[in-house]
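Position 100 of the sequence shown, counting from 1, maps to 100 under UniProt numbering, and the rest follow consecutively.
Working notes, structure below.
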Amino acid sequence: MKIWNKVLLASIITLLVAGCDDSSKADDNLDKAKDSAEQMKDAAEQKAENLTDKAQTTADEIKKEAATQADQLKDKASAIKDEADKQAGAIIDDAEAKAGSIKDEVSKHSQQLVDQAQAIKHDAISGANDLAEQAKTKTEALKNSAENKAEELKSNIDAAHNHHAPSDTQQ
């Protein structure tokens, strides 16, 4: 719209300068004004077309740059994701290795405890057997001692009985 305003203003100025003396001059001036207006219109259209083309070219360049940057960001994100996956895998592998090591250590410790318990059980059984044997030996000794004492007492009783018995018969 501004271009048309300029064209009309230029036409009016041209008419005023040329004057209206003569109709042929006016027609010539009008034709010149029309040609000038036509040239201005063509120039404005050309300039608008150039601006549109330049804007389109700039927009295409921006789109290409944006697509390139988007691809770069996508690649970076993919690389970051891959790195994170690798680190997570390494952490998981490390955790599994540590868990395996702990499991082995617990298993060894558990086996040691089982072995110690077996040794304690064996020692307890041996000790109990020894105590039983000692008790049996002492019981035998006490039994023999008691039998000996009983024999001795019996002998003493018999001897005392025999000693008294002849004197009873003598009286």
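Glycine residues also receive a C-beta, built at the ideal position from the N, C-alpha and C atoms.
Quick caveat, the model's predicted, so the values are computed rather than measured.
Quiz prompt | Cβ neighbours of Glu-147 in the same chain (closer than 6 Å, five flanking residues each side left out) | solution = So the list is empty, once near-sequence residues are dropped.
Express the C-alpha separation of Asn-162 and Asp-123 in angstroms, rounding to a whole number.
-> The straight-line gap from Cα to Cα measures roughly 56 Å.
TODO: Output the distance between the C-alpha atoms of Asn-29 and Ala-10, rounded to the nearest integer angstrom.
DONE: C-alpha separation (whole angstroms): 12 Å.
Quiz prompt | Chain-order list of residues whose beta-carbon lies under 7 Å from that of Glu-96 (same chain, five-residue window excluded) | solution = The answer is none, since no qualifying residue turns up.
Here's the rule: buried if 16 or more other CB atoms are within 10 angstroms of the residue's CB, otherwise exposed. What is Ala-141? So Ala-141 counts as exposed.
Option in Lys-34, Glu-45, Asp-35, Ala-33 with minimal Cα separation from Lys-2
The residue from Lys-34, Glu-45, Asp-35, Ala-33 with its alpha-carbon nearest to that of Lys-2 is Glu-45.
- Return the Cβ separation of Val-7 and Ala-37 in integer angstroms, given the expectation that the two are a contact with Cβ distance under 8 Å. Between Ala-37 and Val-7 the Cβ distance is about 4 Å, and since that is below 8 Å, they are a contact.
What number of angstroms, rounded off, separates the C-alpha of His-109 from the C-alpha of Lys-143?
-> Whole-angstrom Cα-Cα distance: 49 Å.
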